[in-house]
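Residue numbers (this note's numbering): 37 to 209.
The structure appears right after this line, and notes come after that.
If you want it as structure tokens, here you go:
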């Protein structure tokens with residue numbers, strides 16, 4: 037998966053607050069990413085998504101295109117939320133059209149790096165999986181309201197490179 041993603045890496049983006057689309061390069065996020073459009077998903081990726089659907093209890097119809105994230109030494113994604121903020125007009129529009137991001141899956145693709153944990157400062161939790169480990173967290177509470185405790189950051193590796201598979205999940209309408 038790393039080899040396949042390596043050829044399509046671009047600078048990672050954040051949401052434009054006016055449109056809600058991930059189209060803005062910003063110093064808050066310095067890593068790179070490769071997106072796998074649905075038309076280019078192979079059998080392995082489809083099986084991974086099926087497993088994620090089984091674990092999360094959310095059908096694959098709610099899955100956004102998966103991304104492979106790459107962090108070189110010093111690259112990071114500062115504290116952020118994965119849910120859409122309904123107070124931001126562009127993001128409220130996206131939720132109205134396609135639904136809220138209710139969950140995030142992170143799968144560790146390598147483990148030959150130091151640092152680089154996923155930090156949840158409001159929960160006082162840091163996660164650093166080994167190759168093949170996955171983390172599922174829900175971005176909303178039981179009433180489907182954005183959960184501010186899910187604030188998290190991709191901390192910078194201090195040695196080596198960190199590779200993750202990231203899957204955002206929306207509840208299908």
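We put the CB at the ideal spot given by N, CA and C, even for glycine.
The structure presented is a predicted model; accordingly, all values stated were derived computationally and were not measured.
For residue 127, write down the residues that DSSP places opposite it in a beta bridge. According to DSSP, residue 127 bridges with nothing at all.
In the DSSP assignment, what residue or residues form a beta bridge with residue 156? 161
Output yes or no for whether 9 Å exceeds the beta carbon distance between residue 138 and residue 206. yes
With distances taken from CA atoms, which of 148, 44, 55 and 146 is nearest residue 123? 55
Would you give the residue range spanned by the beta strand (DSSP E) that residue 103 belongs to? 103-107
If you reduce the DSSP assignment to three classes, tell me which class residue 136 lands in. coil
Under the three-state reduction of DSSP, which class applies to residue 186: helix, strand or coil? helix
Give me, in chain order, the residues of the same chain whose beta-carbon lies closer than 6 Å to that of residue 121; leave out the 5 immediate sequence neighbours on both sides. 127
Is the beta carbon of residue 112 less than 9 Å from the beta carbon of residue 67? yes
Where do the N-terminal and C-terminal ends of the beta strand (DSSP E) with residue 205 fall, by residue? 198-206
Taking three-plus beta-carbon pairs below 8 Å as touching, is the region 94-105 in contact with the region 190-202? yes
Could you give the DSSP three-state label for residue 181: helix, strand or coil? coil
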